[in-house]
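What follows is a single structure, written as structure tokens, with notes after it.
Residue numbers (our numbering), protein chains in the order written: chain R, 1 to 103; chain X, 1 to 103.
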């Protein structure tokens, strides 16, 4: 399996409503992509100083699943409709993940 | 539960050996911190263009567990011995996580 992690810093002017709309859209997107075994998205809880504004964690079975997810029309649509205008910075990475390794 | 996500970009001159040493040290650190329910760390697989160099995903029960982990002497030691000199950029966030949400 593969864990895809991404965190984002917003541009100036992004509101809590924008972020709530994005979370709703990402959750709906994830439901359309069967390659996503699991998907978590939301604003940073800011339990520590600094940090990014938002983060996503997604688990897929393999590299093909990762590309299907990230190249999916529903993913592109969220970027076109919302994320693209909100983004100032994106930090992403993928890690190998064994079953039950994140629980 | 809380999912702590962090990704890192290395400074110039960081070698694969440095990264391997870091992964060994982080894995040993995680074993010393019972508040860590689970912990995944490693170099970015770079399955997509761009992205950070390294990432960590950690699951703890609650905010107290998060602070115990991030303020733990073993965590500070890895920063002092290795990570501090390697780091050019860090992007971190925490997300709420329900049981079984990442599988």
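Ideal Cβ placement from N, Cα and C applies to all residues, glycine included.
* To do: Answer with yes or no whether the minimum CB distance from residue 21 (chain X) to chain R is below 7 Å.
  => Residue numbering aside, residue 21 (chain X) sits at position 21 when the second chain is read from its first letter. No, residue 21 (chain X) does not count as interfacial toward chain R.
message: Excluding the 5 residues flanking residue 75 (chain X) on each side, which residues of the same chain have their C-beta closer than 7 Å to its C-beta?
response: Here residue 75 (chain X) refers to the residue found at position 75 when the second chain is read from its first residue. Excluding residues within five positions, the ones whose Cβ falls inside 7 Å are 29 and 69.
Which residues of the segment 79-99 of chain X have a Cβ closer than 7 Å to any Cβ of chain R? Give them in chain order.
91, 92, 93, 94, 95, 96 and 97
Interface residues of chain X facing residue 54 (chain R) [CB-CB closer than 8 Å]: On the first chain, position 54 is the one that residue 54 (chain R) refers to. Residues of chain X passing the Cβ test: 93.
Got a sec, what are the start and stop residues for the beta strand (DSSP E) residue 90 (chain R) sits in? For this step, residue 90 (chain R) is matched to residue 90 along the first chain. Here the beta strand (DSSP E) through residue 90 (chain R) covers 87-96.
Would a C-beta distance cut-off of 7 Å place residue 95 (chain R) and residue 25 (chain R) closer than the cut-off? For the purposes of this step, residue 95 (chain R) is taken as residue 95 along the first chain, with counting starting at 1. For the purposes of this step, residue 25 (chain R) is taken as residue 25 along the first chain, with counting starting at 1. No, they are not a contact pair.
For this session: Spatial neighbours of residue 21 (chain R) within its chain, please: CB distance less than 8 Å, with the 5 preceding and 5 following residues excluded, ordered by chain position.
Result: Here the question's residue 21 (chain R) lines up with position 21 in the first chain. 82.
Starting from residue 102 (chain R), trace the alpha helix (DSSP H) in both directions and tell me its first and last residue.
Locating residue 102 (chain R) in the first chain gives position 102, where the first residue counts as 1. Note, residue 102 (chain R): premise wrong, no alpha helix (DSSP H); not H, not E.
task = Return no unless some Cβ of chain R is closer than 7 Å to the Cβ of residue 60 (chain X).
result = For the purposes of this step, residue 60 (chain X) is taken as the residue at position 60 of the second chain. No, residue 60 (chain X) does not count as interfacial toward chain R.
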